[in-house]
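K.L.:
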Amino acid sequence: MYGSVATSTFNSKSDYEIGVIFKSDNYVSRKQIKEIIPQDDYSIFPFKFEEILTYDIDTPFQKEIYIATLIKGGAQILRGKNIFQELTIPTITKACLLEDIYFNKGLALSAVKIFKTGNIDLSNEQFYKSCFYVTRDLIYFKQNYLCITYKDIYLKSKEIDIPKEYRILLDLAYDLRVEKKSSIDSTMYFKNISFINKYIEKELKLA
Numbered sequence: 000m001y002g003s004v005a006t007s008t009f010n011s012k013s014d015y016e017i018g019v020i021f022k023s024d025n026y027v028s029r030k031q032i033k034e035i036i037p038q039d040d041y042s043i044f045p046f047k048f049e050e051i052l053t054y055d056i057d058t059p060f061q062k063e064i065y066i067a068t069l070i071k072g073g074a075q076i077l078r079g080k081n082i083f084q085e086l087t088i089p090t091i092t093k094a095c096l097l098e099d100i101y102f103n104k105g106l107a108l109s110a111v112k113i114f115k116t117g118n119i120d121l122s123n124e125q126f127y128k129s130c131f132y133v134t135r136d137l138i139y140f141k142q143n144y145l146c147i148t149y150k151d152i153y154l155k156s157k158e159i160d161i162p163k164e165y166r167i168l169l170d171l172a173y174d175l176r177v178e179k180k181s182s183i184d185s186t187m188y189f190k191n192i193s194f195i196n197k198y199i200e201k202e203l204k205l206a
C-alpha cells in the first residue's frame with residue numbers, strides 16, 4: 000500500500016492505493032482486478048516484479064523518483080516479501096527532476112480545464128498535487144532531500160527562499176489538502192502554472 004493512507008497523512012477524500020506485484024508469467028491486468036474488486040475507494044494497480052527490479056515500471060510518474068519514495072518509506076507491505084528492502088535507491092538526476100516537473104505542469108494545466116467543468120474537488124486536487132510535487136523537486140535539487148509526504152514538502156519548503164508571490168500557493172495547497180479550505184480563487188490555478196514556468200524550471204535550468 001502506498002500513498003497518503005500508507006503514510007498516515009490521508010484526508011476524508013483519500014482512497015486506498017494498493018500495488019500488487021506479479022511475476023510476468025502470472026500477471027493480472029488492472030481491468031481483471033477491477034472486476035474482482037469494483038469499489039471506487041480502492042485503486043489497485045498491478046506491477047511486474049521483473050520491472051521493479053530494473054526500475055522500469057509501467058507508470059506515468061517519473062520512475063526514479065516514484066521508486067525512491069517507495070523505498071524510503073512511502074509504501075507499506077501488506078502481504079508477502081518486502082522487496083523494497085533489497086533495492087538501492089535509484090540516482091535522481093537533474094534530468095529526472097525536470098521530467099517530473101514537466102509531468103506536473105500538465106497536472107497544473109488539467110486543474111484549470113477541470114475547474115471549467117465544475118468539478119471543484121478534482122481541480123483542487125490537481126492543483127495541490129502539482130504544486131507540492133514540483134516543490135518537492137526543487138527541495139531535492141537544493142537540499143538533496145526527498146520528501147515523502149505533503150506535510151514534509153510544506154515544512155521543508157520553508158527552508159528555501161521561495162518568492163512571496165508563490166509562497167502563497169503552498170499555503171493554499173496545504174490548506175486544501177488538510178481540508179481547511181474547500182475552494183480558492185480561480186486565478187491561483189494559473190498562478191500555479193506560472194510558479195512552475197517562471198520559478199521552478201528556471202531554478203533548475205539556470206543552476
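Numbering (numbering that gives the first Met the number 0), first residue to last: 0 to 206.
The beta-carbon is built from N, C-alpha and C at its ideal position, and this holds for glycine as well.
What is the C-beta distance between ILE192 and ILE100, in whole angstroms, given that I count them as a contact (C-beta under 8 Å)?
P.N.:
12 Å between Cβ atoms; not a contact.
K.L.:
How is the alpha helix (DSSP H) around SER129 delimited, first residue to last?
P.N.:
119–142
K.L.:
With DSSP run on the structure shown, which of helix, strand or coil describes GLU164?
P.N.:
helix
K.L.:
Tell me which residue opens and which closes the beta strand (DSSP E) that GLU16 is part of.
P.N.:
From DSSP, the beta strand (DSSP E) with GLU16 extends over 15–21.
K.L.:
Assign GLY105 to buried or exposed, taking buried as 16 or more other Cβ atoms, counted over all protein chains shown, within 10 Å of its Cβ.
P.N.:
Counting every other CB atom within 10 Å of its CB across the protein chains shown gives GLY105 a total below 16, marking it as exposed.
K.L.:
Beta-carbon separation of PHE131 and TYR149 under 8 Å?
P.N.:
yes
K.L.:
Nearest by alpha-carbon distance to THR87: which of PHE60, SER109 and TYR54 is it?
P.N.:
TYR54
K.L.:
Have a look at GLN142 and GLN75 and give me their C-alpha separation to the nearest angstrom.
P.N.:
If you draw a straight line from the Cα of GLN142 to the Cα of GLN75, it is about 26 Å long.
K.L.:
Which residues in the same chain as LEU77 place their Cβ atom closer than 7 Å to its Cβ, once the five residues preceding and following it in sequence are excluded?
P.N.:
MET0
K.L.:
With MET187 and LEU169 assumed to form a contact (beta carbons below 8 Å), what rounded beta-carbon distance in angstroms separates them?
P.N.:
Not a contact, Cβ separation roughly 11 Å.
K.L.:
Using the three-state DSSP reduction, which class does LYS47 fall into: helix, strand or coil?
P.N.:
strand
K.L.:
Contact check, CYS95 vs ILE64 under 8 Å by CB: the rounded distance?
P.N.:
Contact between CYS95 and ILE64 is confirmed by a C-beta separation of about 6 Å, below the 8 Å threshold.
K.L.:
In terms of residues, what are the limits of the alpha helix (DSSP H) holding GLY79?
P.N.:
Where GLY79 is concerned, there is no enclosing alpha helix (DSSP H), given that its DSSP letter is neither H nor E.
K.L.:
If contacts are defined as beta-carbon pairs under 8 Å, then TYR198 and TYR165 qualify, I think. What distance do you get, rounded to the angstrom?
P.N.:
6 Å
K.L.:
Just to confirm the assignment, what range does the alpha helix (DSSP H) spanning MET187 have?
P.N.:
It spans 186–193 - the alpha helix (DSSP H) in which MET187 sits, taken as one unbroken run.
K.L.:
How should GLN31 be labelled, buried or exposed, when 16 other C-beta atoms within 10 angstroms of its C-beta is the threshold for buried?
P.N.:
exposed
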